[in-house]
């Protein structure tokens, strides 16, 4: 939940460091409104379930800071004609409780850049992979119960724009939800077995960004974690490259937020 311009905004997100949540930038910052459109209060409820007598089984965790790409805040990101943008991603530092991060209690995802585990089916095709999408879309259970969708995702790279497209009917509220490759328990293989791709288990490779206004269209797009024209470095500080590396380096090198990282 984010308090922006006097209204609470409901989005999704995922832990990728002990006290760091990744979500969509538009959940925290109105595109092109600089710092006047930034959220004033952000709260995270891991594994929220509105069907439980205690719907927040792991409590409420308040943000102490967050980082949004400058190109998003000032409105100069590279976007497609349908407003799918390269850098609609943000990271949030959560306040510790009793000296502990939430990820130390319940665990957290890993994250990957530049489409790990995506591959071409044939030499002329786009790279694809099976992904799991998690989040709290308002169209289902009023956004009070986590939903899961599994789909083939395609990496789209065209004229400087990068994004994932995948099948989904989740819609608003899903924004910021993670795209995860190799979700769940890894399959056992024999010594004669082999696998394609380069990622291990449960890597977040992007976050949900936009969905088709008609749920029957079953179409959505996600922000791609990786190198692009705005964030071209292969490494930012001690973090990975691209947009997600830039944001983590920006947030986690600030002494106020280092303990969350």
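Residue numbers (our numbering): 656 to 916. Yeah, the Cβ is synthetic: ideal placement off N, Cα and C, and Gly gets one too. Quick caveat, the model's predicted, so the values are computed rather than measured.
Taking the alpha-carbon of residue i as reference, which of the options has the nearest alpha-carbon?
i	options	result
residue 735	728, 729, 743	743
residue 917	901, 833, 856, 887	Not covered by the structure: residue 917. The range shown for the chain is 656 to 916.
residue 750	883, 696, 837, 679	696
residue 797	775, 719, 825, 770	825
residue 883	676, 763, 702, 740	740
residue 684	807, 792, 698, 722	722
residue 724	760, 898, 914	898
residue 681	673, 668, 674, 885	668
residue 809	794, 786, 793	786
residue 713	675, 702, 763	702
residue 757	718, 778, 686	718
Any idea what DSSP makes of residue i, helix, strand or coil?
i	result
residue 806	strand
residue 913	helix
residue 793	coil
residue 846	Confidence in residue 846 is poor, its pLDDT being 43 and thus under 50, which makes the residue's placement unreliable; the coordinate value appears in the next sentence. If DSSP states are grouped into helix, strand and coil, residue 846 belongs with coil.
residue 861	strand
Should residue i be labelled buried (16 or more other beta-carbon atoms within 10 Å of its own) or exposed?
i	result
residue 803	exposed
residue 690	exposed
residue 912	buried
residue 844	Only weak support exists for where residue 844 lies, its pLDDT of 48 falling under 50; the value from the coordinates is given anyway. So residue 844 ends up on the exposed side.
residue 875	buried
residue 857	buried
residue 755	exposed
residue 878	buried
Which stretch, first to last residue, makes up the beta strand (DSSP E) that contains residue i?
i	result
residue 790	782-790
residue 901	Run containing residue 901: none in the beta strand (DSSP E); it sits in the alpha helix (DSSP H), 897-907.
residue 662	662-664
residue 768	Element bounds for residue 768: n/a, residue is neither H nor E.
residue 818	816-821
residue 746	745-749
residue 878	875-879
Hey, could you find the ends of the alpha helix (DSSP H) residue i is sitting in?
i	result
residue 760	757-761
residue 727	725-728
Hey, is residue i's beta-carbon within less than 8 Å of any beta-carbon in chain D?
i	result
residue 737	Here there is only one protein chain, and chain D is not present.
Task: Residue ranges of each alpha helix (DSSP H) within the region 669-741, 4 or longer - done: 725-728
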